[in-house]
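Here the structure is laid out as structure tokens; the discussion comes afterwards.
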Amino acid sequence: ENRFLITSEGAFKYFEKAYSIETGYIWEINSENEGSPKQMSDVVDLIREKNISGLFVETSIDRRSMETVSIETGVPIAGEIYTDSLGKEGTDGDSYIKMMESNLN
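Quick look at the structure:
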């Protein structure tokens with residue numbers, strides 16, 4: 689009942705459908721307006737409304753917007769998740785299966 693994924697980019701909508709995990713994000717996928725004041729305010733309100741306990745930052749996204757959200761809400765960044773590409777060799781995301789397992793965990 690507490691499965692809610694907050695990320696920078698709205699790339700995990702498929703996760704929401706496939707794994708019954710609600711999602712929230714700062715901006716849509718590949719948005720030209722990444723991290724606008726309105727987007728930041730909206731996700732901060734969502735985090736407070738849903739009593740979110742951890743945030744996630746994508747490995748392929750600049751983490752500064754999520755760090756700002758973390759500071760504003762007092763909610764820590766709980767970890768990294770893989771998007772857009774596999775991780776470097778030797779990491780938890782260096783294959784598709786390992787990337788999916790890491791993201792699910």
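Following this note's numbering, the numbering of the sequence shown begins with 689 at its first residue and continues without gaps. Positions of the beta carbon are idealized from the N, C-alpha and C atoms, including for glycine.
- Item | Straight-line Cα distance separating SER773 from GLY742 | Between GLY742 and SER773, the C-alpha separation is close to 23 Å.
- Query: Hey, VAL732 and GLY712: beta-carbon distance below 8 Å or not?
  - Reply: In this structure, GLY712 does not lie closer than 8 Å to VAL732 by Cβ.
- Message: Counting C-beta neighbours from all protein chains within 10 Å, is the total for TYR770 16 or more, i.e. buried, or is it exposed?
- Response: buried
- Query: Could you check where the beta strand (DSSP E) with ILE765 kicks off and where it finishes?
  - Reply: 765 to 769
- Query: Taking the Cβ atom as the reference point for each residue, do THR756 and MET728 lie within a distance shorter than 8 Å?
  - Reply: yes
- Task: For my contact list, VAL763 and ILE785 are in at a C-beta cut-off of 8 Å; report their separation, rounded to the angstrom.
- Result: So it is not a contact: roughly 30 Å between Cβ atoms.
- Message: With DSSP as the reference, identify every bridge partner of ILE694, one or two as the case may be.
- Response: Per DSSP, GLY712.
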